[in-house]
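Student:
Residue numbers (full-length UniProt numbering): 1 to 336.
1. Just to confirm the assignment: which complete beta strand (DSSP E) runs, minimum length 3, are found wholly within the segment 54–110?
2. Assuming residue 324 and residue 60 are in contact, meaning their beta carbons sit under 8 Å apart, how far apart are those beta carbons, in whole angstroms?
3. Just to confirm the assignment, what range does the alpha helix (DSSP H) spanning residue 279 have?
4. Could you check the C-alpha separation between residue 274 and residue 280 for me, to the nearest Å?
5. Given a cut-off of 9 Å, decide if residue 130 and residue 148 are closer than it, judged by their beta-carbon atoms.
6. If we call anything under 9 Å between Cβ atoms a contact, is residue 207 one with residue 140?
7. Using a 10 Å radius around the Cβ and a threshold of 16 neighbouring Cβ atoms, would you call residue 53 buried or exposed?
8. With a CB to CB cut of under 6 Å and the five nearest residues on each side skipped, what residues in its chain are close to residue 144?
9. Give the secondary structure of residue 182 by DSSP, where H, G and I count as helix, E and B as strand, and everything else as coil.
10. If I follow the unbroken alpha helix (DSSP H) through residue 314, where does it start and stop?
11. Helix, strand or coil: which one does DSSP assign to residue 161?
12. Please go through the same chain and pick out, in chain order, the residues whose beta-carbon is closer than 6 Å to the beta-carbon of residue 249, but skip the five residues on each side of it.
13. Between which two residues does the beta strand (DSSP E) harbouring residue 252 extend?
14. I want to know whether the segment 192–210 touches the segment 286–303 - three or more CB-CB distances under 8 Å.
15. Under the rule that 16 or more other beta-carbon atoms within 10 Å means buried, what is residue 87, buried or exposed?
16. Based on the DSSP output, what are the partners of residue 148 in its beta bridges?
Next comes the structure, spelled out in C-alpha cells:
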C-alpha cells in the first residue's frame, strides 16, 4: 500500500539511499547506525476532544496531520467546547474513509465522516466543505470565522450534550491560527491546543503505569505519535529529531490538563493519573530551579520543518525510525 502512494520507484530508491546514508553517519552522538526509537502508532483526532483514529500512515500538512482537529463543537456563543468542560465528548466515535489518509486523496460528494455515540443515531458529515460561514467562533486565544456543518449536526450534538451546540470546520481559506512564536515561530494549527503535533513514548506510559493501581491506556493523553524503543521520558530531551526523513523540533514539554483523568470509555473523571504525575512529573520535581507554575508534564509538543514547504504530501508511517539529532541533558533544560 505504501509503495503505491510513493513517488514511484525512483522516489523509493532515493529515500532508501537517504536512509542508508543516515544510518551510516549514525546519530548526533557519533554512535553507529541504529535508530533511537520508532513510531509505534499514529493517532488523528478529526473533531477536537472526540475520540481519535489510529492509522498506519498519514500525510503531513501546514497545520499538522491532515484531518487532525479540523472540526470543533461550539456552544451558542461560538465558544469551543472541549472535554475539560464536557467529558461526554470522550464517547463520540469518529470514523473517516480509509483512503482519506492516502497521499493526494481528495473527497468527493460521496465522501463522509461518520460520527457515533451511545444512544444516538449515526451522523454522516460530508467531507466536501460546507458553504455556510459561522462568524464569531472562538478557540483559546483565537477568534474568527469557521464553516458551519448545518442544522443536522447541530441537533445531533445539542441532543447528545443537552445544550445548544453547533459543529464547525476550520476555514483554512480565510483563517490562520499560529502557534506561540516564543516557542515556534511561523507554524500553524487548526483546532489543536497550541502545537501541530505531540509525542509520547510507550516506555514513559509503561513507567507511569507501574506506579498506578489501575494502568491507563495511551488514549488518556491524546498524542499524535506514540514512540517505542527508547528510555522512559527520554522524549523530554529531544530538541531535534527525524522521523524517517522529516525534521521535527521538540519545542515544549506538554503540560497536562484534567483530560488524562477522564476515562475515555466511560467519560467519568477520577484523580489518576494526575495525582501520581504530580509526584513524579511536576515542575517542582523536573525543574526545581525554574519558576514554578504548578504544572505536570508528559510528552513533548512538536513542529515539523517539512510541513511548511510546498509540494507533494509527505507521508509518515508506523514503523518509521526516529533519529535524535540534538537533545538537552535534563528536563530542566527543556522548554516548558
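All residues carry an ideal CB built from backbone N, CA and C; glycine is no exception.
Computed from a prediction, not measured in an experiment: that's the story for all the values here.
Tutor: Result, derived from the coordinates:
1. 57–61, 71–75, 93–95
2. Incorrect: roughly 19 Å between the Cβ atoms, too far for contact.
3. 274–280
4. 10 Å
5. yes
6. no
7. buried
8. 175
9. coil
10. From DSSP, residue 314 is part of no alpha helix (DSSP H) but of the beta strand (DSSP E) over 314–317.
11. helix
12. 240, 303
13. 246–255
14. yes
15. buried
16. 168
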